[in-house]
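Numbering (our numbering), first residue to last: 40 to 1006.
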């Protein structure tokens, strides 16, 4: 048994279904559908396209003026026609051949060994009398035969057999296939059906004998709808023709219909010559009319085709367009007369008001071709729209405005500042609180109009977001400061207190705090997380129910609730919808909205729920409309491995493409082709540039790659082995396709092949045998040689021993001689020292002797004292005699390796006294001996040593005597 809440939900659901059906009957799209245009410069083809089909891989083929166009979702490929003739029709046969019809020719495209489509003409095999025909406008298949229809003959082709020619007596018009029956209009007679390669005239169809038919489609059981080119549509039940009643806006539109198509939802798409695309339901009501004004490249559409994802492809007079027919989203932008970024919206009756940064615009809600016009006096930024009673209020950067009688009138607020938002006072609907740039104002509202009462002193902050809680307290969210809690007096005309809350009161930050009223309760989305106010604690606490739905670092910017309780939200990461089950458990859905985030306004973000099925999102250009009643069917799509190239230094070479890739089995590549480039695509045509791919090469990669929008991948220098390349795609809605696989083998180089290893084995065995033989032969020879060597070495050992003995004796003699020589040199040096000393002494004694003899000979004529002084002077002269020193120097240098000359060469500034001191130090004499030799005191020797050290620049740690001995 349903509880009260469940009953209410059931009623709401029923209302939603009724509203949804009503919306569908009124307008197929709330705004203009999303259109993707392809200009001839993009697909490198001719301007006109005449036929569109899709094969089982969901690859598109288009008959174009320049030839056959192929589009796999990523790359356009043009296959030029024979002799440059225009292609008029295309058909994918059950044998996967691409049959085409053109001017005076027809045939098929079939992939070669590499997978490249090659054209094969069938018309060239015709007898000459049937070869002269005009254009092939239609191709159909029935019972294993492919039929090519011209205005003169019908050509039936059975693969492997000769062409058959069906030649009716009268000229033909266009032909059509319905429910496996092929119809054609025989001019002058009527509509005929093809049976057993003959045309049978249908009863009651002579009505069309002179009325060109655009299309024939199934309508009801045993009933067809026949669209003429200029004279509307008719119903045919197999016996009679009756007019099909179209709505006045269609019947009087002067449509010239080139082709009609039955859509998957049961409606009809009309490709017109003069009015673009027209959608019509089976009641004859126009659902949509899209022209160049709404975004098409051209108003002339030659052909229309609905793909597997329910997108509508239009072959136009100047380009190709794709209409996202199944999308629940549509555009309200410049194509509908709007200008600027979407900020706010309000639906009042049949009028839809939308505010942008350029002004306020209005349109009729029920119009099938929505056009907006600027409301007079509203130019500027429109922040907010609200309905108070029967009045429409507009928050504008110039102040508050009243929308009445088709124009905007400024309400005199006495301040001249901008108005943000309007909130009726609880239980006092005739009074409205206005948030402005510098605080809060009070307005009075009635059916007669809106009047400004006064500004409420006590708060001078910019008040963009206002709301009353269920207790009647007014709250204001300031995006860059925090939250203000405002209490009014009992008559609600005066502010009695203002309490400010920020990060000190439980909020995660002072900035980016918003406020939303959900289910009659206030919640506060913050920098991260969603919060509620706990009055008992007088602080903010995190709301676990909502916060756990979002990522820890996700900032919720905007939330809006519809009448069913669903919540639409916008965050810094995504757009989505929160729904609740019958137990109140929330579920977040964002897959359908993944394509919206980058299109939406990032300044004053806006979500406006107009009714249960219609939601407007403020976009960078106007608004994006979401139709909640139109469920997007997530149809699976395919990933295509389009081409595989071998990479070389000169140029890449195509290895395989298209269907040949699917059929390739046990593919083995020589080692020279071990560098490959894979090109792939996805058959998802909504925002194909946003489709992402992931690849994995088994036995080479460790894991799947990161998602990327690139549609190719290179692998170079693959080692030999078996590989499996896999690629899959993810579309804008997050749906992932099944992986496409391609297995191949890279053969080893010839020197690592199986045959090479066999040769290596045989050669190895031969070499091993030869080695064994060689070893054995060498062993025997070695054994013999060893025996001989032993005998020879014994003799050599004896000789060596004798030789070593002799060498030892000679070495002993040499060492003895060296020792003797060293001793001899030492003795010579000592002898030299003694000799020099004796010479000096002898000379001195001789001089003394001479002096004494002179004294004796004089006989005392001179005083003895004077004579003794003279002897002393003689001794002094002998001691300091330069001749004696020169003689000593000569001997000294001879003994000590030219010491004095080397010393003077390195230290040229040395005095003679310092040279003598150096020689005595070299002789390692004592200080006392040196003093006697230099005829100075011991103190004088120390001073001389000190001066000599300075001359030689010796460090204090160096010994002067050691320096001289080593010099």
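No residue lacks a Cβ here, since even glycine has one placed at the ideal position from N, Cα and C.
Since the model is a prediction, treat every value here as computed from it, not as a measurement.
Three-state secondary structure assigned by DSSP to residue i
| i | result |
| --- | --- |
| residue 319 | strand |
| residue 231 | strand |
| residue 96 | coil |
| residue 815 | helix |
| residue 114 | coil |
| residue 429 | coil |
| residue 298 | strand |
| residue 273 | strand |
| residue 72 | strand |
| residue 343 | strand |
| residue 252 | strand |
| residue 798 | helix |
| residue 50 | Note that residue 50 scores 43 on pLDDT, short of 50, meaning its location in the model is unreliable; the coordinates nonetheless yield the value given after this. Three-state DSSP puts residue 50 in a helix. |
| residue 20 | Residue 20 lies beyond the range of the chain shown here (40 to 1006); nothing can be said about it. |
| residue 649 | coil |
| residue 782 | strand |
| residue 335 | coil |
| residue 65 | Bear in mind that a pLDDT of 44 at residue 65, under 50, signals an unreliable position, so the model cannot answer this. |
Cα-Cα separation between residue i and residue j, rounded to whole angstroms
| i | j | result |
| --- | --- | --- |
| residue 141 | residue 109 | 17 Å |
| residue 955 | residue 928 | 9 Å |
| residue 530 | residue 542 | 32 Å |
| residue 1006 | residue 982 | 22 Å |
| residue 970 | residue 984 | 11 Å |
| residue 999 | residue 835 | 58 Å |
| residue 45 | residue 625 | Low local confidence applies: a pLDDT of 45 at residue 45 is under 50, so the model's placement there is unreliable, with the coordinate-based value given in what follows. So the two alpha carbons sit approximately 16 Å from each other. |
| residue 524 | residue 570 | 15 Å |
| residue 731 | residue 229 | 52 Å |
| residue 1003 | residue 851 | 34 Å |
| residue 860 | residue 935 | 16 Å |
| residue 294 | residue 285 | 12 Å |
| residue 242 | residue 280 | 10 Å |
| residue 632 | residue 371 | 17 Å |
| residue 637 | residue 213 | 46 Å |
| residue 829 | residue 853 | 34 Å |
| residue 990 | residue 948 | 8 Å |
Residue environment, residue i, which counts as buried when at least 16 other CB atoms sit within 10 Å
| i | result |
| --- | --- |
| residue 646 | buried |
| residue 473 | buried |
| residue 592 | exposed |
| residue 485 | exposed |
| residue 743 | exposed |
| residue 72 | buried |
| residue 317 | buried |
| residue 144 | buried |
| residue 435 | buried |
| residue 739 | exposed |
| residue 870 | Confidence is the limiting factor: at residue 870 the pLDDT is only 45, short of 50, which leaves the residue's position unreliable and the question unanswerable from this model. |
| residue 415 | exposed |
| residue 797 | exposed |
C-beta contact flag for residue i and residue j at 9 Å
| i | j | result |
| --- | --- | --- |
| residue 629 | residue 614 | yes |
| residue 398 | residue 378 | yes |
| residue 680 | residue 781 | yes |
| residue 720 | residue 354 | no |
| residue 471 | residue 427 | yes |
| residue 128 | residue 170 | no |
| residue 534 | residue 498 | yes |
| residue 527 | residue 482 | no |
| residue 579 | residue 611 | no |
Any non-hydrogen atom of the ligand ATP closer than 8 Å to residue i Cβ
| i | result |
| --- | --- |
| residue 766 | In the structure shown, the ligand ATP is absent, as is every other ligand, since no ligand is present at all. |
CB contact check: residue i to chain D, cutoff 9 Å
| i | result |
| --- | --- |
| residue 661 | In the displayed structure, chain D is absent; only one protein chain is listed. |
* Could you pull out every unbroken beta strand (DSSP E) segment of at least 3 residues lying fully inside the region 541-627, listed in chain order? => Assignment of beta strand (DSSP E) within the region 541-627, counting only whole runs of 3 or more residues, yields 555-557, 560-564, 569-573, 578-581, 595-600, 606-610 and 614-619 in chain order.
* Give, in chain order, every unbroken run of the beta strand (DSSP E) that is at least 3 residues long and sits entirely within the region 463-530. => 467-475, 478-485, 488-495, 504-507, 513-517 and 521-527
* To do: Could you pull out every unbroken alpha helix (DSSP H) segment of at least 4 residues lying fully inside the region 160-204, listed in chain order?
  => 167-170
* Tell me the start and end of each unbroken alpha helix (DSSP H) in the region 917-975 that is at least 4 residues and wholly inside, in chain order. => Qualifying alpha helix (DSSP H) stretches, in chain order: 921-934, 938-945, 951-961 and 966-973.
* **Complete runs of the beta strand (DSSP E) confined to the region 622-707 [at least 3 residues]** => List check, beta strand (DSSP E) in window: 625-628, 646-648, 653-657, 662-666, 678-685 and 692-696.
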